[in-house]
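Structure, as C-alpha coordinates:
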Amino acid sequence: MRDPPLPGKGTSMAGKTQLTAARAVPLVKEPSGAPAVNLAKVRESGHVDLAKRADKAGLALSRRGLGGIRAQAMLVLDHSGSMRADYNSGAVQTLVERALGFALQIDIDGTVPVVPFDTKVLPTVEVTVDNYQGVVDREIHRGWMGTTNLADALAVVLAEAERTTAPIFCIVVADGGPDSKRATTKVVCELSRYPVFLKLLAIRPVEYFQTLDDLDGTKRLLDNVDTKASTPELDLLTCTDLQFAEAMADEWDTWVAAATAAGVLR
0 MRDPPLPGKG
10 TSMAGKTQLT
20 AARAVPLVKE
30 PSGAPAVNLA
40 KVRESGHVDL
50 AKRADKAGLA
60 LSRRGLGGIR
70 AQAMLVLDHS
80 GSMRADYNSG
90 AVQTLVERAL
100 GFALQIDIDG
110 TVPVVPFDTK
120 VLPTVEVTVD
130 NYQGVVDREI
140 HRGWMGTTNL
150 ADALAVVLAE
160 AERTTAPIFC
170 IVVADGGPDS
180 KRATTKVVCE
190 LSRYPVFLKL
200 LAIRPVEYFQ
210 TLDDLDGTKR
220 LLDNVDTKAS
230 TPELDLLTCT
240 DLQFAEAMAD
250 EWDTWVAAAT
260 AAGVLR
(Lines of atoms letter the chains of each structure in order from A; the text may use other names.)
(Lines give C-alpha, C1' and ligand atoms only; values in the text may rest on other atoms or scores of the structure.)
Protein backbone atom coordinates (compact mmCIF):
# COMPACT_ATOMS: atom_id res chain seq x y z
CA MET A 0 0.00 0.00 0.00
CA ARG A 1 1.38 3.40 -0.98
CA ASP A 2 2.05 5.99 1.68
CA PRO A 3 -0.15 9.10 1.50
CA PRO A 4 1.42 12.23 0.01
CA LEU A 5 3.59 14.29 2.29
CA PRO A 6 2.31 17.73 3.33
CA GLY A 7 2.55 20.36 0.63
CA LYS A 8 2.07 17.85 -2.16
CA GLY A 9 -0.93 17.89 -4.39
CA THR A 10 -1.89 15.45 -7.13
CA SER A 11 -2.38 16.67 -10.67
CA MET A 12 -4.71 15.19 -13.28
CA ALA A 13 -1.76 13.26 -14.63
CA GLY A 14 -1.22 11.66 -11.24
CA LYS A 15 2.06 13.46 -10.58
CA THR A 16 2.73 15.14 -7.28
CA GLN A 17 3.33 18.88 -7.32
CA LEU A 18 5.13 21.02 -4.76
CA THR A 19 4.53 24.73 -4.33
CA ALA A 20 5.83 27.46 -2.06
CA ALA A 21 3.63 27.97 0.99
CA ARG A 22 4.71 31.59 1.37
CA ALA A 23 7.44 33.98 0.37
CA VAL A 24 9.42 36.54 2.34
CA PRO A 25 11.81 39.22 1.11
CA LEU A 26 15.54 38.55 1.03
CA VAL A 27 17.32 41.52 2.61
CA LYS A 28 21.04 42.19 2.29
CA GLU A 29 22.80 45.23 3.72
CA PRO A 30 24.80 46.60 0.75
CA SER A 31 27.76 47.47 2.96
CA GLY A 32 27.96 43.87 4.21
CA ALA A 33 27.82 45.11 7.79
CA PRO A 34 26.77 42.73 10.58
CA ALA A 35 23.21 42.92 11.84
CA VAL A 36 24.38 43.91 15.33
CA ASN A 37 26.92 46.61 16.18
CA LEU A 38 29.92 44.51 17.17
CA ALA A 39 31.79 47.51 18.57
CA LYS A 40 29.12 47.76 21.25
CA VAL A 41 29.42 44.03 21.91
CA ARG A 42 33.14 44.50 22.51
CA GLU A 43 32.58 47.57 24.66
CA SER A 44 30.24 45.57 26.88
CA GLY A 45 33.05 43.09 27.58
CA HIS A 46 32.06 40.26 25.24
CA VAL A 47 35.23 40.26 23.14
CA ASP A 48 35.28 36.51 22.41
CA LEU A 49 31.66 36.63 21.24
CA ALA A 50 32.48 39.52 18.91
CA LYS A 51 35.44 37.56 17.53
CA ARG A 52 33.10 34.66 16.73
CA ALA A 53 30.80 37.08 14.94
CA ASP A 54 33.78 38.39 12.96
CA LYS A 55 34.60 34.86 11.82
CA ALA A 56 30.98 34.37 10.78
CA GLY A 57 31.16 37.55 8.73
CA LEU A 58 34.27 36.31 6.95
CA ALA A 59 32.67 32.95 6.13
CA LEU A 60 29.50 34.62 4.85
CA SER A 61 31.35 37.16 2.70
CA ARG A 62 33.29 34.37 1.00
CA ARG A 63 29.95 33.05 -0.27
CA GLY A 64 28.53 36.37 -1.34
CA LEU A 65 26.30 36.50 1.74
CA GLY A 66 27.83 39.48 3.51
CA GLY A 67 25.08 41.64 5.00
CA ILE A 68 22.37 38.99 4.64
CA ARG A 69 19.55 39.18 7.18
CA ALA A 70 17.68 36.22 8.64
CA GLN A 71 16.09 34.99 11.83
CA ALA A 72 18.37 32.56 13.68
CA MET A 73 16.99 29.59 15.62
CA LEU A 74 18.67 26.70 17.46
CA VAL A 75 16.96 23.34 17.98
CA LEU A 76 18.90 21.56 20.71
CA ASP A 77 18.92 17.85 21.57
CA HIS A 78 18.48 17.31 25.32
CA SER A 79 18.29 13.51 25.21
CA GLY A 80 20.11 11.29 27.69
CA SER A 81 22.94 10.46 25.31
CA MET A 82 23.92 14.14 25.34
CA ARG A 83 24.49 14.24 29.10
CA ALA A 84 28.30 14.25 28.89
CA ASP A 85 28.21 17.04 26.30
CA TYR A 86 26.11 19.19 28.61
CA ASN A 87 28.22 18.42 31.64
CA SER A 88 31.51 19.15 29.85
CA GLY A 89 30.39 22.59 28.69
CA ALA A 90 30.45 21.55 25.01
CA VAL A 91 26.79 22.46 24.51
CA GLN A 92 27.36 25.87 26.09
CA THR A 93 30.16 26.44 23.57
CA LEU A 94 27.86 25.48 20.69
CA VAL A 95 25.22 27.92 21.93
CA GLU A 96 27.82 30.70 22.10
CA ARG A 97 29.02 29.92 18.58
CA ALA A 98 25.43 29.96 17.32
CA LEU A 99 24.92 33.35 18.96
CA GLY A 100 28.12 34.67 17.39
CA PHE A 101 26.81 33.62 13.97
CA ALA A 102 23.43 35.20 14.73
CA LEU A 103 25.01 38.57 15.48
CA GLN A 104 25.99 38.75 11.81
CA ILE A 105 22.55 37.97 10.39
CA ASP A 106 19.80 38.58 12.97
CA ILE A 107 18.96 42.22 13.58
CA ASP A 108 17.64 41.65 17.10
CA GLY A 109 20.70 39.59 18.05
CA THR A 110 18.52 36.94 19.66
CA VAL A 111 18.63 33.16 19.22
CA PRO A 112 15.48 31.32 20.28
CA VAL A 113 16.79 27.98 21.56
CA VAL A 114 14.27 25.13 21.35
CA PRO A 115 15.47 22.28 23.61
CA PHE A 116 13.82 18.91 23.19
CA ASP A 117 13.97 15.35 24.44
CA THR A 118 10.86 13.18 24.75
CA LYS A 119 8.89 16.42 24.53
CA VAL A 120 9.64 19.96 23.47
CA LEU A 121 10.91 22.05 26.37
CA PRO A 122 10.28 25.79 26.85
CA THR A 123 12.05 28.02 24.36
CA VAL A 124 14.92 30.06 25.80
CA GLU A 125 15.76 33.42 24.21
CA VAL A 126 19.56 33.72 24.18
CA THR A 127 21.12 37.18 23.77
CA VAL A 128 24.36 39.02 24.45
CA ASP A 129 22.96 39.90 27.87
CA ASN A 130 22.25 36.36 29.10
CA TYR A 131 24.30 33.86 27.07
CA GLN A 132 26.99 33.24 29.68
CA GLY A 133 26.08 30.10 31.62
CA VAL A 134 22.64 29.97 29.99
CA VAL A 135 22.75 26.21 29.34
CA ASP A 136 23.18 25.19 32.98
CA ARG A 137 20.97 28.01 34.22
CA GLU A 138 17.96 27.66 31.91
CA ILE A 139 18.23 24.62 29.62
CA HIS A 140 19.97 21.66 31.27
CA ARG A 141 17.82 21.14 34.33
CA GLY A 142 16.67 17.73 35.48
CA TRP A 143 15.54 14.69 33.54
CA MET A 144 16.75 13.94 30.01
CA GLY A 145 14.56 11.89 27.67
CA THR A 146 14.56 10.55 24.11
CA THR A 147 14.90 12.36 20.75
CA ASN A 148 11.54 13.74 19.61
CA LEU A 149 12.97 15.84 16.81
CA ALA A 150 9.73 15.92 14.81
CA ASP A 151 7.87 17.89 17.47
CA ALA A 152 10.80 20.29 17.88
CA LEU A 153 10.84 20.97 14.13
CA ALA A 154 7.10 21.57 14.32
CA VAL A 155 7.94 24.60 16.47
CA VAL A 156 10.14 25.86 13.63
CA LEU A 157 7.30 25.25 11.17
CA ALA A 158 4.93 27.29 13.32
CA GLU A 159 7.44 30.14 13.29
CA ALA A 160 7.89 29.78 9.52
CA GLU A 161 4.16 30.29 9.03
CA ARG A 162 4.39 33.80 10.47
CA THR A 163 7.97 34.95 9.92
CA THR A 164 8.73 38.01 7.83
CA ALA A 165 12.36 36.98 7.23
CA PRO A 166 14.18 33.81 6.17
CA ILE A 167 14.98 31.45 9.03
CA PHE A 168 18.44 29.98 9.53
CA CYS A 169 17.75 27.01 11.81
CA ILE A 170 20.60 25.11 13.44
CA VAL A 171 19.76 21.61 14.68
CA VAL A 172 22.21 20.00 17.12
CA ALA A 173 21.88 16.31 17.94
CA ASP A 174 23.96 13.19 18.48
CA GLY A 175 21.60 10.47 17.27
CA GLY A 176 18.59 9.62 15.13
CA PRO A 177 15.08 10.76 16.08
CA ASP A 178 12.32 8.77 17.76
CA SER A 179 10.37 8.75 14.48
CA LYS A 180 12.23 9.10 11.21
CA ARG A 181 8.99 9.15 9.23
CA ALA A 182 7.48 11.98 11.28
CA THR A 183 10.72 13.96 11.14
CA THR A 184 11.07 13.53 7.38
CA LYS A 185 7.48 14.68 6.96
CA VAL A 186 8.16 17.96 8.78
CA VAL A 187 11.45 18.54 6.93
CA CYS A 188 9.68 18.11 3.60
CA GLU A 189 6.95 20.52 4.64
CA LEU A 190 9.58 23.05 5.76
CA SER A 191 11.00 23.02 2.22
CA ARG A 192 7.93 25.04 1.17
CA TYR A 193 8.85 27.79 3.62
CA PRO A 194 11.81 30.18 3.92
CA VAL A 195 13.73 27.88 6.26
CA PHE A 196 17.28 26.60 5.82
CA LEU A 197 18.17 23.70 8.12
CA LYS A 198 21.78 23.30 9.23
CA LEU A 199 22.01 19.87 10.87
CA LEU A 200 24.99 19.51 13.19
CA ALA A 201 25.66 15.92 14.23
CA ILE A 202 28.18 16.04 17.05
CA ARG A 203 28.56 12.32 16.46
CA PRO A 204 27.81 10.72 13.07
CA VAL A 205 24.06 10.40 12.46
CA GLU A 206 23.33 8.44 9.30
CA TYR A 207 19.74 9.66 9.20
CA PHE A 208 20.87 13.30 9.00
CA GLN A 209 22.71 12.50 5.79
CA THR A 210 19.57 10.77 4.52
CA LEU A 211 17.69 14.05 5.03
CA ASP A 212 20.46 15.93 3.25
CA ASP A 213 20.16 13.59 0.26
CA LEU A 214 16.34 13.53 -0.09
CA ASP A 215 15.38 13.79 -3.74
CA GLY A 216 13.26 16.47 -5.37
CA THR A 217 10.09 14.40 -5.50
CA LYS A 218 9.71 14.69 -1.73
CA ARG A 219 10.47 18.38 -1.17
CA LEU A 220 10.25 21.65 -3.04
CA LEU A 221 14.00 22.29 -2.81
CA ASP A 222 17.10 21.14 -0.97
CA ASN A 223 16.62 22.81 2.42
CA VAL A 224 19.13 20.77 4.46
CA ASP A 225 22.88 20.79 4.90
CA THR A 226 24.38 18.25 7.29
CA LYS A 227 27.68 18.64 9.04
CA ALA A 228 28.88 15.72 11.17
CA SER A 229 31.87 15.58 13.47
CA THR A 230 34.76 13.74 11.86
CA PRO A 231 38.45 13.35 12.70
CA GLU A 232 39.07 16.21 10.24
CA LEU A 233 36.36 18.50 11.65
CA ASP A 234 35.21 17.98 15.21
CA LEU A 235 32.30 20.36 15.74
CA LEU A 236 33.05 20.52 19.45
CA THR A 237 36.76 21.37 19.19
CA CYS A 238 37.27 23.01 15.77
CA THR A 239 38.31 26.65 15.47
CA ASP A 240 35.70 29.39 15.37
CA LEU A 241 36.49 30.03 11.71
CA GLN A 242 36.08 26.34 10.83
CA PHE A 243 32.75 26.35 12.63
CA ALA A 244 31.62 29.50 10.81
CA GLU A 245 32.63 28.00 7.45
CA ALA A 246 30.61 24.87 8.24
CA MET A 247 27.62 27.03 9.13
CA ALA A 248 27.74 29.17 5.99
CA ASP A 249 28.34 26.23 3.64
CA GLU A 250 25.46 25.69 1.16
CA TRP A 251 23.40 28.60 2.46
CA ASP A 252 24.19 30.49 -0.75
CA THR A 253 22.92 27.62 -2.89
CA TRP A 254 19.75 27.44 -0.79
CA VAL A 255 19.18 31.18 -1.25
CA ALA A 256 19.42 30.76 -5.03
CA ALA A 257 17.11 27.72 -5.05
CA ALA A 258 14.61 29.35 -2.69
CA THR A 259 14.47 32.45 -4.86
CA ALA A 260 13.88 30.37 -7.98
CA ALA A 261 11.14 28.39 -6.20
CA GLY A 262 9.31 31.50 -4.99
CA VAL A 263 10.11 31.04 -1.30
CA LEU A 264 12.28 34.18 -1.30
CA ARG A 265 11.60 37.29 -3.30
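Sequential numbering from 0 applies to the sequence shown in numbering that gives the first Met the number 0.
Each residue gets a CB set at the ideal place from its N, CA and C atoms; glycine is no exception.
Asked, Found
"Residues sharing a beta bridge with F196, DSSP", "F168"
"CB contact flag (M144, D178, <7 Å)", "no"
"Buried versus exposed call for G45 [16 or more other C-beta atoms within 10 Å across all chains shown]", "exposed"
"Where M73 falls: helix, strand or coil (DSSP)", "strand"
"Inter-residue Cα distance where the pair is V205 and C188", "19 Å"
"Proximity below 7 Å, CB of K40 to CB of L241", "no"
"Straight-line Cα distance separating P115 from G100", "19 Å"
"8 Å Cβ shell around G175 - same chain, five flanking residues per side excluded", "D77, S79, S81, T147, R203 and V205"
"Same chain, Cβ closer than 7 Å to V36, neighbours up to 5 away in sequence not counted", "L103 and G109"
"Where the alpha helix (DSSP H) containing K227 begins and where it ends", "Premise fails: K227 lies in the beta strand (DSSP E), V224 to A228, not in any alpha helix (DSSP H)."
"3-residue-minimum beta strand (DSSP E) runs that sit fully inside the stretch 106 to 165, ordered along the chain", "111 to 116 and 124 to 126"
"Best match in L190, A244, P25 and Y131 for proximity to V156 [C-alpha to C-alpha]", "L190"
"For L281, three-class secondary structure by DSSP", "Only positions 0 to 265 of the chain appear in this structure, which leaves residue 281 out of reach."
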